[in-house]
Amino acid sequence: MLSVEAVSKTFGGVQALREASLACAAGEILGLIGPNGAGKSTLVNAISGTLRPERGSITLDGRDLTGRGAEHCARAGVARTFQNIRLFKDLTVRQNVEVAYITCRATRAKQAAGIDIDALLAQYGLDDLADVPAGTLPYGSQRRLEIARALALGPSLLMLDEPAAGLNEGESEALAMAIEGIRRDVGCATIVIDHDLRFINRLCDRLCVMDQGEVIASGETLAVWRDPRVIEVYVGQAQPA
1 MLSVEAVSKT
11 FGGVQALREA
21 SLACAAGEIL
31 GLIGPNGAGK
41 STLVNAISGT
51 LRPERGSITL
61 DGRDLTGRGA
71 EHCARAGVAR
81 TFQNIRLFKD
91 LTVRQNVEVA
101 YITCRATRAK
111 QAAGIDIDAL
121 LAQYGLDDLA
131 DVPAGTLPYG
141 SQRRLEIARA
151 LALGPSLLML
161 DEPAAGLNEG
171 ESEALAMAIE
181 GIRRDVGCAT
191 IVIDHDLRFI
201 NRLCDRLCVM
211 DQGEVIASGE
221 TLAVWRDPRV
231 IEVYVGQAQP
241 A
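In this text, residue positions in the sequence shown follow UniProt numbering: the first is 1, and each later residue adds one.
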């Protein structure tokens, strides 16, 4: 469903992405991992249209998204959350979700027909908070709201940037179950970035590992952890059980 081919991006004299390539199929959960500064968020920004790559191509369902901008990518079915939560804080929980749904209804009518805002709020434990301003929610609830809002776009591709950051073990487990439910109920391609390797290992079908702007390994989870380059990158760090 998603194909990223040899994407490169520089900032000044820094090569942030070096011919990075990955693919993610419908119904697949792909983990995108690597140390700080590896290029993970830069790659996600390029896929979502926030950044324009200098070389390479990005396609979703055969549709070219390369350098087309965030609005175009959202209309094509790319939805995401952010490492630093970006909600409409003065709008209510329901209004945050409705903003995304209105976009979906205008541009992806087939997907919009299958979205029930009330059911979406209930699924993420937000139904009792529907009329509460988003900016007053506890941290974990804000994380769940970001995901619910992204799903209201009826995405073909969902990208979650550090969704488990700041969550305790119980909240992380509940989040993993919710993301697995997205695979079952929505069937979109899903990319998850997170530094919690246990969370990633428990959740993802495949891993894509980045370092210094390059994809250094990609494949099934167990095989990737045996890759010598991955071991080198993570030396001194706890390996997932």
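Glycine included, every Cβ here is placed at the ideal spot set by N, Cα and C.
- Restricting attention to beta strand (DSSP E) runs no shorter than 3 residues, the stretch 77-115 encloses them at 78-80, ordered along the chain.
- Scanning GLU169, THR10, VAL4 and VAL186 for the CA closest to the CA of LYS110 turns up VAL186.
- At least 8 Å separates the beta-carbon of GLU220 from that of ARG229.
- Going by C-alpha positions, THR190 is about 8 Å away from LEU160.
- DSSP lists THR92 as the beta-bridge partner residues of PRO133.
- Close CB contacts of ARG144 within its chain, under the 7 Å cut and outside five residues either way in sequence, are with TYR124, GLY125 and LEU126 (chain order).
- If you draw a straight line from the Cα of GLY62 to the Cα of CYS73, it comes to about 13 Å.
- The beta strand (DSSP E) runs lying completely inside the stretch 124-173 and spanning 3 residues or more are 157-161, given in chain order.
- In the DSSP annotation of this structure, the continuous segment of the alpha helix (DSSP H) that includes SER41 starts and ends at 40-47.
- For ALA16, the closest C-alpha among the options ARG52, ASN84 and LEU167 is that of ARG52.
- By the neighbour-count definition (other C-beta atoms within 10 Å, threshold 16), ILE179 is a buried residue.
- With a threshold of 16 other beta carbon atoms within 10 Å, ASP211 meets it and is buried.
- For the pair CYS188 and GLU214, the Cα-to-Cα distance works out to about 25 Å.
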